[in-house]
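In this note's numbering, the protein residues as written are 65 to 286. All C-beta atoms, glycine included, are put in the ideal place defined by N, C-alpha and C. All values derive from a computational prediction rather than experimental measurement.
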Amino acid sequence: MATPIQIYHALQSYYGSRDWWPAETPFEVVIGAILTQNTNWNNVETAITSLRQANTLTINAIMQLSQQELEQLIRPSGFFRQKAERLQLFCHYIQQHYQGCLDNFLEREMTLVRDELLTLKGVGPETADSILLYAGHHPSFVVDSYTMRLFKRLGVLTGTEKYPQVRALFMAQLPVDVQLYNEYHALIVNHCKEFCRKQPQCNNCPCADICLEPNRNIDKLP
DNA sequence: GTCCAGGGCCTAC
DNA sequence: GTAGGCCATGGA
Numbered sequence: 065m066a067t068p069i070q071i072y073h074a075l076q077s078y079y080g081s082r083d084w085w086p087a088e089t090p091f092e093v094v095i096g097a098i099l100t101q102n103t104n105w106n107n108v109e110t111a112i113t114s115l116r117q118a119n120t121l122t123i124n125a126i127m128q129l130s131q132q133e134l135e136q137l138i139r140p141s142g143f144f145r146q147k148a149e150r151l152q153l154f155c156h157y158i159q160q161h162y163q164g165c166l167d168n169f170l171e172r173e174m175t176l177v178r179d180e181l182l183t184l185k186g187v188g189p190e191t192a193d194s195i196l197l198y199a200g201h202h203p204s205f206v207v208d209s210y211t212m213r214l215f216k217r218l219g220v221l222t223g224t225e226k227y228p229q230v231r232a233l234f235m236a237q238l239p240v241d242v243q244l245y246n247e248y249h250a251l252i253v254n255h256c257k258e259f260c261r262k263q264p265q266c267n268n269c270p271c272a273d274i275c276l277e278p279n280r281n282i283d284k285l286p
C-alpha cells in the first residue's frame, strides 16, 4: 500500500505546487475556516466578498457590527446565524485576551494555541488546525472530509478512524514541515474537487484506478 | 425537486 | 462516549 509521503509526491508531481489558502491575511483565514464549515467554498467566497465590500474584514469591524448585520453579510455561506455568533465570539476573545492582535494569539507554542482554539465555541479540530497551519504557520496537519474520503479509497484509512487518530497518523509518517502540510492539504482538496466530488465511489472518475486499487501504481495519478 | 458542500454543537440514550 | 438531529444557502 502506498504511504502518505508517496501519495504526497504523486499528487504533487501531477498537480504541481499549490501554495495555498485562498486568503489575503491571517484573519481572513480565520473567517474562511469558520464560514466553510460544511459549506461549499463558492458560497464562502460570496460571503467574504460582501464582507470585503463592507470593509469589515478586521477584528474591530466584525465586533462593531450588530449580530444581525453580520448575519446578512455572511448569509450566502449558510448556517449564517451560528456562524455570525461564532465569528463575533472569536473576535471578542482576541480583543479581550490579546489586545485584538491575532498574531499575539497565534505566535506561541502550537499545542498551547491549539488547546485554546478548541475551547472556543464553533472551533472544532479541523477549524483549529486550519487556523494553526494557514494563519499561524504551525505544523498542524489538517484533516477534512476530503482527506477521509480519498485515503479511505486509497486503503490508508478504514473509514472508522476518528479525527485525532487520522491527524496523528499523518503527523507520525510525515516530516514536521509547515510547507509540506500546507501543500498536502491543498493537493487533497484540489484532487477531490476535480475528480472525486459527490461520488461515494470512484466509478466513472479519472482517479478510479488509484482510488479503488490500493496497490496500483501511484505514478499513474489521477 | 433532490443532493451535496473544506463542521461543530447539543441532546438523548 | 456516541449516534442522531440540527443549523441554511446556492449550485449541479
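Helix, strand or coil at residue i according to DSSP, with G and I counted as helix
| i | result |
| --- | --- |
| methionine 174 | helix |
| proline 203 | coil |
| asparagine 119 | coil |
| valine 94 | helix |
| aspartate 193 | helix |
| glutamine 163 | coil |
Burial state of residue i (16 or more Cβ within 10 Å)
| i | result |
| --- | --- |
| alanine 236 | exposed |
| glutamine 141 | Per the sequence shown, residue 141 should be read as serine rather than glutamine. Burial call: buried. |
| serine 204 | buried |
| aspartate 241 | exposed |
| glycine 200 | buried |
| lysine 147 | buried |
| arginine 145 | exposed |
Option nearest residue i by Cα separation, candidates the options
| i | options | result |
| --- | --- | --- |
| serine 209 | Phe169, Gly164, Leu233 and Cys256 | Cys256 |
| isoleucine 112 | Pro203, Asn102, Pro239 and Gln136 | Gln136 |
| valine 187 | Met127, Thr100 and Glu88 | Thr100 |
| aspartate 311 | Val253, Glu247, Leu238 and Ile252 | Residue 311 is absent from the structure shown; the chain starts at 65 and stops at 286. |
| serine 130 | Gln152, Gln229, Val206 and Arg213 | Gln152 |
| glutamine 117 | Gly219, Val207, Arg231 and Leu134 | Leu134 |
| leucine 121 | Leu197, Asn106, Glu88 and Met65 | Glu88 |
| phenylalanine 91 | Asp179, Phe144 and Ile126 | Ile126 |
| proline 228 | Lys216, Leu251, Glu190 and Thr222 | Glu190 |
Chain-order list of residues whose beta-carbon lies under 6 Å from that of residue i (same chain, five-residue window excluded)
| i | result |
| --- | --- |
| phenylalanine 169 | Ile158 and Tyr162 |
| valine 253 | Tyr210 |
Sequence-distant residues of its chain with Cβ nearer than 7 Å to residue i (five each side left out)
| i | result |
| --- | --- |
| isoleucine 195 | Val93, Val94, Ala97 and Leu181 |
| valine 108 | Gly96, Leu99, Thr100 and Ser141 |
Contact under 8 Å by Cβ, residue i with residue j
| i | j | result |
| --- | --- | --- |
| leucine 166 | isoleucine 138 | no |
| arginine 202 | valine 177 | Residue identity check: residue 202 is histidine in the sequence provided, not arginine. Closer than 8 Å, so yes. |
| isoleucine 71 | leucine 218 | yes |
| histidine 249 | valine 220 | no |
| leucine 238 | isoleucine 123 | no |
| tyrosine 245 | leucine 197 | yes |
Residues of its chain near residue i, where Cβ-Cβ distance is below 8 Å and the 5 sequence neighbours each way are ignored
| i | result |
| --- | --- |
| phenylalanine 154 | Val94, Ile98, Leu184, Gly186 and Val187 |
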